[in-house]
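Numbers given in the working numbering equal positions in the sequence shown, counted from 1, plus 25.
Glycine is no exception: its CB is placed at the ideal position from the N, C-alpha and C atoms.
Encoded as structure tokens, the structure appears first; notes follow it.
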Amino acid sequence: MFELNEAKMPSSRDMSPKAVYPPEWDDVAEIRVFRATETEWSRLLSWRQDMRRRGWKLLRVDTSGTQIVAIFGRTRSELQDDK
């Protein structure tokens, strides 16, 4: 089983400027990308906790200009287990 973890993640420098995660992640997981300002991100604490309770893992947090880019993911097998 393919796991999404920080040890296997390429750095942002290794990907194209528009890509915020490796394209092969789409083959094994459902990915959600969220962009917010630093102020908005700090106000979303309860929302982020709720995402984790629902089984979504925070895979990466990075910056792009003035925005924070957060990537959440769940493997396809985890999604099927919920059905």
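My output table needs one value for residue i: the three-state DSSP class, helix, strand or coil.
i	result
residue 87	strand
residue 55	strand
residue 79	coil
Rounding to the nearest angstrom, what Cα-Cα distance links residue i and residue j in this structure?
i	j	result
residue 37	residue 88	In this predicted model, residue 37 has a pLDDT of only 44, less than 50, meaning its place in the structure is not dependable; the value taken from the coordinates is given anyway. Taking the straight line joining both Cα atoms gives about 10 Å.
residue 69	residue 107	25 Å
residue 53	residue 64	32 Å
residue 92	residue 66	9 Å
residue 45	residue 60	11 Å
residue 105	residue 83	19 Å
residue 103	residue 90	33 Å
residue 101	residue 77	16 Å
residue 51	residue 74	23 Å
Write down the C-beta distance between residue i and residue j rounded to the nearest angstrom, noting that I regard them as a contact closer than 8 Å.
i	j	result
residue 79	residue 96	That pair is no contact at about 16 Å.
residue 49	residue 99	Going by Cβ atoms, the distance from residue 49 to residue 99 rounds to 16 Å, so no, they are not a contact pair.
Sort the options by Cα distance to residue i and report the nearest one.
i	options	result
residue 57	66, 74, 81, 71	81
Does the CB of residue i have a neighbour CB from chain B at under 8 Å?
i	result
residue 62	Given the protein chain composition of this structure (a single chain), no chain B is represented.
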